Amino acid sequence: MDELIKLHAATYKELLKNYMNTQDERALYGVEKVSKAFIKENILPEEIVNLHIDAMEEVSTNLNKDYKHSMNFLLEAMISYGLAMQEIQMLREEKHVLESEISVAASMQETLLGTTKPSIEGLDIGVISVPAHQMNGDYHHFIKGTDGSLGIAIADVIGKGIPAALCMSMIKYAMDSYPEESMSPKSILKNLNRVVERNVDPSMFITMCYAQYIPSEQKLRYSSAGHEPGYYYCAKNDTFKEIKAKGLVLGVSPDTEYKEYELIIEKNDMIILLTDGVTECRDGERFIESQEILSIIRKYAYLPAQEMVDNVYKHFERLQDFQLRDDFTLLILRKKV
Amino acid sequence: MKPQACVNIHKEWDIVGARQLGREMAKDLGFGTVDQARIATAVSELARNIYLYAEQGQICFEIIDTIERRGLCMIAVDSGPGIADISQVMQDGFTTSGGLGAGLPGVKRLMDEFDIRSEVGEGTKIKATKWIR
Chain C
1 MDELIKLHAA
11 TYKELLKNYM
21 NTQDERALYG
31 VEKVSKAFIK
41 ENILPEEIVN
51 LHIDAMEEVS
61 TNLNKDYKHS
71 MNFLLEAMIS
81 YGLAMQEIQM
91 LREEKHVLES
101 EISVAASMQE
111 TLLGTTKPSI
121 EGLDIGVISV
131 PAHQMNGDYH
141 HFIKGTDGSL
151 GIAIADVIGK
161 GIPAALCMSM
171 IKYAMDSYPE
181 ESMSPKSILK
191 NLNRVVERNV
201 DPSMFITMCY
211 AQYIPSEQKL
221 RYSSAGHEPG
231 YYYCAKNDTF
241 KEIKAKGLVL
251 GVSPDTEYKE
261 YELIIEKNDM
271 IILLTDGVTE
281 CRDGERFIES
291 QEILSIIRKY
301 AYLPAQEMVD
311 NVYKHFERLQ
321 DFQLRDDFTL
331 LILRKKV
Chain W
1 MKPQACVNIH
11 KEWDIVGARQ
21 LGREMAKDLG
31 FGTVDQARIA
41 TAVSELARNI
51 YLYAEQGQIC
61 FEIIDTIERR
71 GLCMIAVDSG
81 PGIADISQVM
91 QDGFTTSGGL
101 GAGLPGVKRL
111 MDEFDIRSEV
121 GEGTKIKATK
131 WIR
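Here the protein sequences line up with chains C and W, keeping their order. For the first sequence, UniProt numbering gives the first residue as 1, with consecutive numbering after it. For the second sequence, UniProt numbering gives the first residue as 1, with consecutive numbering after it.
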């Protein structure tokens with residue numbers, strides 16, 4: 001570092017001499033560059049003041065006493081700035097370490113919670129889930145039953161970031177441990193509720209909707225634990241209807257029972273499941289209306305389901321200046337035949 | 001290595017006296033202007049800690065002059081409340097200064113060597129040394 005200081009010091013002196021004689025803008029541009037080099041090498045402000053004092057001694061022969069004292073005074077005033085600069089540098093490095101730890105955790109989470117979108121005859125599925133920060137507190141999962149049915153879980157932890165993400169891993173492993181057959185939406189929620197109640201801090205809440213599509217009966221069975229499931233699009237009438245379901249959020253009381261609902265699905269009908277990261281998108285300070293979401297979905301309804309959800313996400317990402325406030329998950333099922 | 005000069009700290013004005021003594025010794029030893037200012041700031045920080053938290057204590061300066069190297073060592077001793085969690089006070093951003101770069105991490109940066117011992121209810125002893133480059 002000392003060698004570098006000497007090199008920059010020489011340049012500084014040269015530029016200063018030049019400026020004293022000419023007051024030329026080029027010298028000022030030069031010192032801007034030297035100054036950046038100093039910052040890059042973590043040269044502290046008191047060292048620069050000292051460099052200036054030395055340089056002036058060489059450049060000028062008639063420096064007066066007052067000037068010299070004043071420069072020493074300035075140097076003294078710079079010491080605390082130098083310390084603050086070093087502290088910030090250290091905090092910046094620590095932040096960097098934390099960020100890379102979180103990004104490892106985030107990719108681990110992706111692997112742990114990963115679910116593949118199944119292909120089911122006669123069903124077009126689109127899904128997108130984007131975290132507001134690095135880790136996702138939303139969760140969705142597909143379970144393809146041996147009887148041809150499709151189970152869909154969608155959940156949201158109140159809160160976001162790392163604690164929310166840790167919670168979701170638990171949900172996923174609890175669900176994995178259930179035998180896939182004989183699990184109806186209401187019994188899945190009932191079981192998960194017990195797991196959450198026992199294992200999660202009371203200040204954390206998880207809302208969840210579990211839906212099961214049974215192709216042979218053209219039927220969707222679903223239950224909700226405090227989760228606004230989303231919307232149902234009826235192709236015959238060309239209308240959207242809110243899917244209504246009542247149920248207590250997971251983890252509040254150990255013996256909660258859940259109600260199960262049914263919906264008959266016909267050709268070109270759509271089921272739209274989402275989390276509140278979608279419904280609570282904001283345009284400036286204003287929450288968007290559900291009509292807005294539906295009109296955007298309608299706008300892209302001519303596309304395949306995956307392109308639909310991608311485009312809807314892009315629309316709201318843009319509306320929120322590319323800064324999501326909450327994790328965003330949107331899932332669309334369309335019956336093709 | 002033997003103690004060469006000490007300053008008692010019990011009122012704010014004593015901080016100035018300690019700074020001055022530290023600076024003069026540093027100057028006599030041949031430290032440059034920047035290091036003199038750094039040493040004075042470190043003295044200031046240690047003396048202010050004594051004044052604020054321990055009410056009474058002492059800062060002593062020793063000149064270290066061996067064949068290999070020369071430097072100035074300062075030892076701040078107080079019989080104040082002591083520090084329960086040293087790791088915490090040595091953390092950046094923790095200090096009561098509200099992250100202005102000062103505090104004990106600041107002293108550590110200003111000096112080349114830094115050591116702290118503290119017992120709750122008994123007091124704190126901090127030793128810091130700067131070498132002439």
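All C-beta atoms, glycine included, are put in the ideal place defined by N, C-alpha and C. Bear in mind that the values here come from a model prediction, so they are computed numbers and not experimental data.
What residue ranges within the stretch 61 to 141 of chain C form continuous alpha helix (DSSP H) runs of no fewer than 4 residues, ordered along the chain? Entirely contained in the stretch 61 to 141 of chain C, the alpha helix (DSSP H) runs reaching 4 residues are, in chain order, 65 to 113.
Limits of the unbroken beta strand (DSSP E) element including residue 7 (chain W): Segment 5 to 9, the beta strand (DSSP E) holding residue 7 (chain W).
For residue 28 (chain W), would you say it is in contact with chain C, using Cβ-to-Cβ distances shorter than 8 Å as the test? Taking Cβ atoms only, chain C never reaches closer than 8 Å to residue 28 (chain W), which makes this a no.
May I ask you to report which of helix, strand or coil DSSP gives residue 205 (chain C)? Residue state, collapsed to three classes: coil.
In whole angstroms, give me the CA-to-CA distance for residue 53 (chain C) and residue 116 (chain W). Rounded to the nearest angstrom, the two C-alpha atoms are 35 Å apart.
Would you kindly report the start and end of the unbroken alpha helix (DSSP H) that includes residue 279 (chain C)? Taken as a continuous stretch (DSSP letters only), the alpha helix (DSSP H) holding residue 279 (chain C) covers 276 to 279.
Option in C:308, C:222 and C:325 with minimal Cα separation from residue 280 (chain C): Selected option, being the one with the closest Cα: C:325.
Quickly, what does DSSP pair residue 117 (chain W) with across the bridge? List them, please. DSSP, once it has assigned bridges, lists W:125 as partnering residue 117 (chain W).
Distance, Cα to Cα, residue 107 (chain C) vs residue 100 (chain C)? Taking the straight line joining both Cα atoms gives about 11 Å.
Where does residue 48 (chain C) land, buried or exposed, given buried means 16+ other C-beta within 10 angstroms? Buried is the call here.
For residue 259 (chain C), does the three-state DSSP call read helix, strand or coil? For residue 259 (chain C), the secondary structure class from DSSP, reduced to helix, strand or coil, is coil.
Going by C-alpha to C-alpha distance, which of C:156, C:34, C:121 and C:66 sits closest to residue 51 (chain C)? Here the closest residue by C-alpha is C:34.
C-alpha gap between residue 347 (chain C) and residue 300 (chain C), whole angstroms: Residue 347 (chain C) is absent from the structure shown; chain C starts at 1 and stops at 337.
Expressed to the nearest angstrom, what Euclidean distance is found between the alpha-carbon atoms of residue 94 (chain C) and residue 133 (chain C)? A direct Cα-to-Cα measurement between residue 94 (chain C) and residue 133 (chain C) gives close to 18 Å.
Three CB pairs or more closer than 8 Å across the stretch 225 to 238 of chain C and the stretch 194 to 211 of chain C: Result yes; three or more Cβ-Cβ pairs closer than 8 Å.
Enclosing beta strand (DSSP E) for residue 253 (chain C) [first to last residue]: Unbroken run through residue 253 (chain C): none, as it is neither H nor E.
For the stretch 72 to 85 of chain C and the stretch 35 to 47 of chain W, state whether three or more C-beta atom pairs, one from each stretch, are separated by less than 8 Å. With the cut-off at 8 Å, the stretch 72 to 85 of chain C and the stretch 35 to 47 of chain W touch.
Continuous beta strand (DSSP E) stretch holding residue 333 (chain C): start and end: Looking at the DSSP string, the run of the beta strand (DSSP E) that includes residue 333 (chain C) is 328 to 335.
Report all residues from its chain with a CB closer than 7 Å to the CB of residue 58 (chain C); omit the five preceding and five following residues, and keep chain order. Closer than 7 Å at the Cβ level, and outside the excluded window around residue 58 (chain C), lie 13.
Under 8 Å between the Cβ atoms of residue 336 (chain C) and residue 176 (chain C)? In this structure, residue 176 (chain C) does not lie closer than 8 Å to residue 336 (chain C) by Cβ.
Which of helix, strand or coil does DSSP assign to residue 23 (chain C)? The DSSP-derived three-state label of residue 23 (chain C) is coil.
Write down the C-beta distance between residue 58 (chain W) and residue 7 (chain W) rounded to the nearest angstrom, noting that I regard them as a contact closer than 8 Å. Indeed, because the Cβ distance is near 7 Å, the residues count as touching under 8 Å.
Under a three-way DSSP split, which group does residue 91 (chain W) fall into? Taken through DSSP and simplified to helix, strand or coil, residue 91 (chain W) comes out as coil.
Return the first residue and the last residue of the alpha helix (DSSP H) that residue 17 (chain W) is part of. That run of the alpha helix (DSSP H) goes 12 to 29.
Minimum Cβ-Cβ distance from residue 105 (chain W) to chain C less than 8 Å: Yes, because at least one Cβ of chain C sits closer than 8 Å to the Cβ of residue 105 (chain W).
One question on the structure: do residue 223 (chain C) and residue 267 (chain C) come within less than 8 Å of each other, judged by their Cβ atoms? No. Outside cutoff.
From which residue to which residue does the beta strand (DSSP E) around residue 58 (chain W) run? It spans 57 to 65 - the beta strand (DSSP E) in which residue 58 (chain W) sits, taken as one unbroken run.
Range covered by the alpha helix (DSSP H) that runs through residue 240 (chain C): No alpha helix (DSSP H) holds residue 240 (chain C); the beta strand (DSSP E) holding it covers 239 to 243.
Extent of the continuous beta strand (DSSP E) run through residue 290 (chain C): Residue 290 (chain C) -> not in any beta strand (DSSP E); alpha helix (DSSP H) instead, spanning 290 to 299.
Got a sec: which bits of the stretch 82 to 106 of chain C sit with their beta carbon under 9 Å from any beta carbon on chain W, in order along the chain? Answer in chain order: 82, 83, 84, 85, 86, 87, 88, 90, 91 and 94.
Secondary structure of residue 226 (chain C), DSSP reduced to three states: Secondary structure of residue 226 (chain C) (DSSP, three-state): strand.
Residues near residue 1 (chain W) in its chain [Cβ-Cβ closer than 8 Å; skip 5 each side]: Confidence is the limiting factor: at residue 1 (chain W) the pLDDT is only 49, short of 50, which leaves the residue's position unreliable and the question unanswerable from this model.
Selected residue, minimal CA-CA separation from residue 84 (chain C), among W:21, W:102 and W:67: Per the Cα distances, W:102.
Contact list for residue 79 (chain C) against chain W, beta-carbon separation under 9 Å: Under the 9 Å cutoff, chain W gives 34, 37, 38, 40, 41 and 110.
On the three-pair Cβ rule with 8 Å, is the stretch 288 to 295 of chain C touching the stretch 9 to 19 of chain W? As far as the Cβ criterion goes, the stretch 288 to 295 of chain C does not touch the stretch 9 to 19 of chain W, which means the pair count is below three.
What residues in the stretch 285 to 299 of chain C have a beta carbon less than 7 Å from any beta carbon of chain W? Within the stretch 285 to 299 of chain C, no residue qualifies.
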